[in-house]
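Notes follow once the structure below has been shown.
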Amino acid sequence: MRLFLDTANVEEVRQASPLGVISGVTTNPSLAAKEGIGDLGSYKAAVLEILQLVDGPVSVEVTRLDAKGMVEQALEIVRWHPNIVVKLPSTMEGFEAMAVVVREGIKVNQTLCFSVNQALLGGIIGATYVSPFVGRLDDEGHDGMAVVADIVEVFKRYNMSTQVLAASIRHPLHVVAAAKAGAHAATIPLKVLTQMAHHPLTDVGVARFAQDWERAKIKV
Ligand code: G3P
21 MRLFLDTANV EEVRQASPLG VISGVTTNPS LAAKEGIGDL GSYKAAVLEI
71 LQLVDGPVSV EVTRLDAKGM VEQALEIVRW HPNIVVKLPS TMEGFEAMAV
121 VVREGIKVNQ TLCFSVNQAL LGGIIGATYV SPFVGRLDDE GHDGMAVVAD
171 IVEVFKRYNM STQVLAASIR HPLHVVAAAK AGAHAATIPL KVLTQMAHHP
221 LTDVGVARFA QDWERAKIKV
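Throughout, our numbering is defined as the position within the sequence shown, counted from one, plus 20.
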């Protein structure tokens with residue numbers, strides 16, 4: 021089980037990378053926009069900075085909606101760095117673009133995946149990752165994690181090499197459930213990573229150990 025950081029914020033990657041648990045980063049146009057990024061040039065600048073901090077795949081999403089435009093953007097984006105993975109949406113146009121770029125040897129992260137059927141298409145095409153959006157499915161009253169588990173099961177049954185990357189992770193319990201469902205990876209916001217590290221009993225225990233140690237030192 022690998023963890024990716026879900027952000028376009030360089031400072032967040034700088035904060036998380038010393039923990040040694042982040043194997044990659046995923047970005048999308050909304051996360052980029054949150055950082056004031058509105059064109060491919062500044063998207064590239066942020067991604068190159070992120071790539072200096074993380075030795076692993078960094079997913080960058082296309083912004084064009086037509087297959088031809090997506091392919092053009094994908095071919096440009098992968099030239100930025102060898103660790104780039106191109107994010108393409110689970111649409112008819114996206115699958116068409118995927119078929120072209122996968123043939124070119126480009127690594128693809130199939131994004132905005134909400135069903136086993138969509139994942140199956142990406143798996144057959146040969147996407148490197150498929151990203152089911154757990155939180156957004158939950159928001160609509162569906163069981164997002166059940167979709168993750170079903171995709172894992174189907175890919176296993178057919179020995180498909182596409183990795184399941186649980187996305188739209190909103191809280192630490194999502195991470196546990198993704199791990200139990202057999203997801204190869206989960207992409208998580210920094211807030212969730214921080215929550216994973218935290219336990220109130222650890223805080224109490226650390227304080228008590230420090231206190232007892234100080235008391236013992238005084239006695240000696
Ligand atoms: O990786 C996709 C993810 O960022 C979407 O998350 O919280 O916007 O549904 P969210």
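Note that the Cβ used here is the ideal one computed from N, Cα and C, for glycine as well.
Whether residue i touches residue j by CB criterion (7 Å)
i: T182; j: V150; result: yes
i: V30; j: E69; result: yes
i: M180; j: G142; result: no
i: V67; j: N103; result: no
i: A18; j: A198; result: Residue numbering for the chain in the displayed model covers 21 to 240; residue 18 lies beyond these limits and cannot be assessed.
i: L210; j: A36; result: yes
i: A147; j: V168; result: no
Rounded C-alpha distance that separates residue i from residue j
i: T83; j: M90; result: 7 Å
i: S43; j: K239; result: 46 Å
i: V196; j: V33; result: 22 Å
i: F115; j: I145; result: 8 Å
i: I171; j: V121; result: 23 Å
i: L185; j: G58; result: 26 Å
i: K127; j: V106; result: 6 Å
i: I208; j: R235; result: 41 Å
i: E96; j: L60; result: 10 Å
i: H191; j: V98; result: 31 Å
i: Y178; j: L140; result: 10 Å
i: G155; j: G161; result: 10 Å
i: K237; j: V224; result: 20 Å
i: V45; j: D26; result: 6 Å
i: V212; j: G40; result: 16 Å
i: S135; j: L71; result: 31 Å
Contacting residues, own chain, Cβ-Cβ under 7 Å from residue i (five flanking each side not counted)
i: A117; result: A87, M90, V91, A94 and L108
Three-state class that DSSP yields for residue i in the structure shown
i: Y178; result: coil
i: I57; result: coil
i: E92; result: helix
i: P38; result: helix
i: V78; result: strand
i: L85; result: coil
i: R22; result: strand
i: N151; result: According to the sequence shown, residue 151 is Ser rather than Asn. Of the three classes helix, strand and coil, the one that applies to S151 here is strand, per DSSP.
i: P49; result: helix
i: G164; result: helix
i: S110; result: coil
i: N105; result: Per the sequence shown, residue 105 should be read as Val rather than Asn. Three-state result, V105: strand.
Any chance you could list the alpha helix (DSSP H) runs of at least 4 consecutive residues sitting entirely within the region 112-147, in chain order?
112-123 and 136-145
Whole alpha helix (DSSP H) elements within the region 172-223, 4-residue minimum:
192-200 and 210-217
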